[in-house]
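As C-alpha cells, the structure follows; a few thoughts come after it.
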C-alpha cells in the first residue's frame with residue numbers, strides 16, 4: 001500500500017451529536033452542503049437515518065456494528081424475501097456448496113455450528129447451512145424477518161436457531177427491514193441528504209436476480225425515502241451478466257424459444273408484444289435462477305436413459321456451473337458442460353490442520369502492496385529471482401496437489417483451471433469427497449456418468465430446426481429441435497440452457513451516471529506518465545515479472561490437446577478441437593465489454609475508491625460508503641473489519657484519513673494500479689460491485705490490519721478484540737537476533753507476559769511494537785527461544801518441535817517455561833527429558849534444583865539413601881557437599897531403606913519398610929530442602 005506520509009498525520013476530530021433527532025426512515029437530517037474538496041460541515045447525529053442497500057454478508061454485519069456503535073435508525077432494503085444475499089433462502093438448492101470451509105464464513109458475535117462430517121470433508125459448508133446461519137444472526141441481533149413458511153426443502157442446521165437475547169442485546173436498537181422492496185434510484189440532494197426511490201414487488205418476484213422483471217402491474221407504487229447516509233451493499237452477484245448473443249431475446253429471434261419466460265426476462269429491457277401465454281418446451285435461464293427454475297427443468301427433461309443424448313447444456317465452467325451439473329446428475333439427467341477454463345480450486349486427500357489452513361502461510365507467499373516489504377523473508381520471496389521461483393513452484397505444487405487429490409487425469413479438461421497465483425476466484429473444496437463435481441464428471445457414460453464436457457469451446461448463439469412457426473411468426477412450433485452453436489460451428493442439441501456466465505454491476509441500475517460522477521465512482525484513464533510512476537515501486541517484484549511464464553490462466557492446461565482428444569477415458573464431448581488455443585481464445589470476456597483496441601489495452605483505467613470502501617472524491621463528506629466489495633478468502637472477517645471502519649467513518653471518529661481529496665485519489669489510484677499488476681487477467685471478470693479491492697490471500701495483512709490502523713479514536717469506544725482473529729505481533733531481541741511473535745500466544749493465564757503487557761505505557765515509543773524498537777531479553781540463548789516458539793505456536797514456519805531437539809535445548813526450553821510461567825510447555829519439556837533418569841544421583845539433584853523438578857530431586861535423594869556403607873563424612877565431601885543437617889537426615893532415612901543390609905552398624909532391630917513408604921518418609925523429612933529448591937507446581 002502506497003500511503004502518503006503526510007496523510008497519517010491528518011486526523012479529523014469527532015463532532016458532538018446534535019440535539020435534533022429523527023427516528024423515521026422517511027425523515028432527513030439537516031446539513032449544509034460542502035464541496036468535496038473542502039472540510040465537510042455535516043454534523044454527527046446518531047439518530048439520523050442510515051440506509052443499507054442489501055441484506056447479504058456485508059449488509060447484515062454493517063447494520064450490526066452501526067447499531068452497537070450508537071446509531072439508532074438503520075434501514076436495510078432488499079428485493080429478496082429473506083436475508084442472506086447470495087445465500088438467501090430462495091436462491092439456495094440442494095447440492096449447493098460454498099467456496100469456503102467452516103470457520104471462514106462466520107461473524108464474531110455468533111458461533112457457527114460445525115457441519116456434518118466436517119472431519120472427513122474439511123468442514124465444507126452447504127448453501128442451506130449459510131442460509132440458516134444468516135437468518136439466525138439477523139433475527140437475533142437485528143430483529144430481522146423470520147424464515148418464510150413453508151421452509152425450503154433443506155432441514156435447519158442445529159445451532160443456528162435464534163438464541164435468547166442477552167441484556168445488552170435487548171438494549172441495542174434493532175434495524176428496520178424493507179424486504180421485497182426494489183431500489184430504483186439513489187441520488188443526493190445535498191451532503192447528508194439522500195433520496196432513495198423504491199417500490200414493493202410481489203414475493204414471487206422477490207428472488208429474481210434482476211430488476212427488469214415482467215408483471216409490472218403487480219408492483220407497488222413508487223415512493224421516495226430520505227436518509228442521511230448510504231451504505232451500498234448491493235453485492236456483485238445480484239445482476240446477471242448475459243452476453244447479447246445468448247440472451248432470451250436472441251433465443252426467441254433464432255427460434256429456439258417460442259416465447260419469453262412468463263416470470264423473468266433476465267438481463268435485458270422488457271419487450272412487450274410477445275406471446276407469453278403458451279406452455280414452453282424449451283428454457284433459457286441464468287444460474288442465479290436455478291433454485292426457482294429447477295422444477296421446470298426437471299419437468300421439461302425427463303430422466304435420461306442409457307444411450308440418450310443430453311438435453312441440458314450448462315454454459316460456463318465456474319463453481320456455480322459445477323454445482324448445477326452435479327445437482328442435475330443426481331436427478332438422473334444428462335448434462336453437457338461447455339467452457340474454456342474452470343475456476344482454480346484447493347483440495348487435499350485429507351483435511352488440512354487448522355494451524356495450516358488458518359495461518360498466514362498463503363499470505364506470506366503472496367505479494368501485497370506494502371512497500372517496502374515488511375520482513376526479510378517476504379523481500380527474499382518476492383524481490384529475488386530465487387525466491388520468486390520458489391513462490392511459483394509452491395503455487396504450482398498446490399494446484400497439482402488439488403488435481404491429484406481428485407484423481408484428475410493429466411490431460412483432462414478439469415485441469416484447465418486458472419492459475420492459483422493469478423486468480424481471485426478460488427474454491428476451497430476441503431478434502432476430496434466421493435459426491436463432488438470432479439467425481440461425477442470423471443465417471444464414464446458406460447458406468448452411469450451423466451456429465452459430458454465440451455472443451456475448449458465457446459457458445460456463440462442459438463439454432464432451431466423447426467419447420468413451422470407459431471402464430472405470431474416469431475418462434476418455432478411446440479416440440480421443435482434446437483440448441484446452441486459453438487465457435488467451431490458445431491451444434492449442441494438442447495431443451496434447457498443454463499447460462500453460468502457471471503454477473504454485472506448492481507450499481508448501474510440504481511446509480512445514475514450523474515450520481516456516479518458526483519460521487520467519483522466513474523472509471524477514468526490515467527495519464528501514461530502517472531501510470532508509469534505508480535507502477536515503478538512494484539517493478540522490483542520479481543515474483544510478478546517471473547509470473548509471465550505462469551500466467552496463462554486456462555492455458556495452464558497442457559498443450560497436449562491432441563492427446564486429450566484421442567483419449568476415450570476422459571469422457572469428452574465430440575466437439576473437442578485438437579487445435580491449440582491461445583489465452584484470448586480460452587478466456588471469455590465475462591464483463592460483456594467490447595474488444596479493446598491495442599491502444600485502449602495499453603491505457604490504464606482506474607476507479608478511485610479509497611481502501612475499497614469510500615469513493616476518494618467523496619471522502620470528506622462522510623455520508624456514503626461501500627460494503628461487500630473487498631474480495632478476500634474470508635469474506636465475513638474482512639467485511640466485519642470494514643464495518644467497524646465504516647462506523648468510525650460515519651461517527652466522525654479520529655482516523656488517519658487523507659487530509660485532502662487529492663491525497664485520497666492518489667492513494668486509490670496507486671491501489672488500483674497495483675490490482676491490475678497483481679491480477680492482470682482475473683480482474684476482467686470481476687464487476688465493480690463485486691471487487692473494489694482484491695487481496696484474496698492477503699486479506700489479513702492488507703484489508704484488515706491495514707483498515708484497523710486508521711481507527712485511532714480520541715475517546716475510545718468499549719470494544720472487545722476478537723480473540724479468534726487476533727494477529728497482533730510483538731518484537732523481541734535476543735543475542736542480536738529479532739523475533740516476531742504473535743502476542744496472543746504469549747498471553748497464557750498466569751504467565752509473566754500477562755503482567756508485563758498490563759503495565760501502563762508512557763508517552764515514549766512502546767518497546768516491542770516494531771523491529772526497530774524490540775523488547776531486549778538478556779541471558780537467554782536465541783537457540784532456546786527458537787525451540788520455545790514452536791511449543792508456543794505449533795504452526796510457526798520452519799519450527800522444530802521439542803521431540804527433535806537435543807537434551808541441552810530441551811533444558812533451555814524448560815528454563816524459559818519456568819521463568820515465564822508456562823506450565824503446559826514445562827510439563828511437556830519434563831516428559832521429553834527421559835535421559836535425566838540415566839544420570840547419577842548427584843546430577844539428578846543438581847538438575848532438580850536448577851530446573852525446579854521435584855521428581856528429579858526425589859530420585860536423586862532416594863538413590864543416595866539406598867546406597868550401602870554410606871558414611872557421615874562422605875556426605876559432606878565432594879561430590880555431595882551436603883550440610884550437616886541434610887547429611888543426618890540422609891543417614892537416618894538410610895536406616896529404613898528396604899535395600900539396607902541386616903548387619904549394619906545401626907540398631908535397626910528388624911525395622912524395614914517398603915519403597916512406597918520410604919518415598920513418603922523422604923518427602924516428609926526432606927520437605928524443607930525440596931520446598932526451598934522447587935517453586936513451580938509439578
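In UniProt numbering, the protein residues as written are 1 to 938.
Beta carbons are placed, not taken as given, at the ideal position from N, Cα and C, and that holds for glycine.
Note that the structure is a prediction, hence the values are computed from the model and not measured.
Residue environment for residue 397: exposed (fewer than 16 other C-beta atoms within 10 angstroms of its C-beta). Approximately 11 Å separates the beta-carbon atoms of residue 440 and residue 453; this is outside 8 Å, ruling out the contact.
Contact annotation: residue 57 and residue 635 have beta-carbon atoms nearer than 9 Å.
Look at residue 850 here: in three-state DSSP terms it is helix. Classified as exposed, residue 773 has fewer than 16 neighbouring CB atoms from the shown chains inside 10 Å of its CB.
Annotation: the continuous alpha helix (DSSP H) that includes residue 395 extends over 385-405. In this structure residue 131 does not touch residue 235 by the C-beta definition: roughly 15 Å separates them, more than the 8 Å allowed. Sorting 284, 332, 313, 326 by C-alpha distance to the C-alpha of residue 306 places 332 at the top. Taking 9 Å as the cut-off, the Cβ atoms of residue 336 and residue 125 do not count as close.
Judged by beta-carbon spacing, residue 429 lies within the 9 Å limit of residue 406, meaning their Cβ atoms are closer than that value.
Judged by DSSP secondary structure, residue 661 falls within the alpha helix (DSSP H) whose first and last residues are 661-678. For residue 533, the three-state secondary structure derived from DSSP is helix.
In this structure, residue 496 sits near residue 284, with a CB-CB distance shorter than 9 Å. By the 16-neighbour rule on beta-carbons within 10 angstroms, residue 885 is exposed. Per DSSP, the beta-bridge partners of residue 417 are 342. The beta carbon of residue 426 sits closer than 8 Å to the beta carbons of 99, 343, 344, 345, 346, 420, 633, 696 from its chain, once the five residues preceding and following it are set aside; these are given in chain order. Beta-bridge annotation (DSSP): residue 610 is paired with 614. DSSP places residue 200 in no alpha helix (DSSP H) but in the uninterrupted beta strand (DSSP E) bounded by 193-200. Within the same chain, 314, 500 come within 6 Å of residue 321 by CB-CB distance, once the 5 residues on both sides are set aside.
Three or more beta-carbon pairs separated by less than 8 Å are not found between the segment 298-305 and the segment 235-251, which leaves the two stretches without contact. Beta-bridge partners of residue 859 (DSSP): none assigned.
In the DSSP assignment, residue 461 forms a beta bridge with 485. One Cα belongs to residue 857, the other to residue 849, and the distance between them is close to 7 Å. Excluding five sequence positions before and after residue 515, the CB atoms of its chain that fall closer than 6 Å to its own CB belong to 187, given in chain order. Straight through space, the alpha carbons of residue 105 and residue 76 are spaced by roughly 21 Å. For residue 325, the enclosing alpha helix (DSSP H) has its first and last residue at 319-330.
By the beta-carbon neighbour count (other beta carbons within 10 angstroms, threshold 16), residue 804 is exposed. In this structure, residue 859 sits near residue 837, with a CB-CB distance shorter than 9 Å.
Cβ-Cβ distances below 6 Å link residue 178 to 77 in the same chain, with the five nearest sequence neighbours on each side left out; the list follows chain order. When secondary structure is reduced to three states using DSSP, residue 491 falls in the strand class.
Residue 232 sits away from residue 142, with the two beta carbons spaced by 9 Å or more.
Around residue 487, the same chain offers 457, 458, 460 as residues with beta carbons nearer than 7 Å, after the five sequence neighbours per side are excluded. Comparing alpha-carbon positions, the option among 866, 51, 324, 364 lying closest to residue 388 turns out to be 364.
In the structure shown, residue 518 adopts helical secondary structure according to DSSP, grouped into three states. Closest option to residue 93, judged by alpha-carbon separation, among 730, 323, 114, 230: 323. Membership of residue 67 in the alpha helix (DSSP H) is indicated by the continuous run 57-68.
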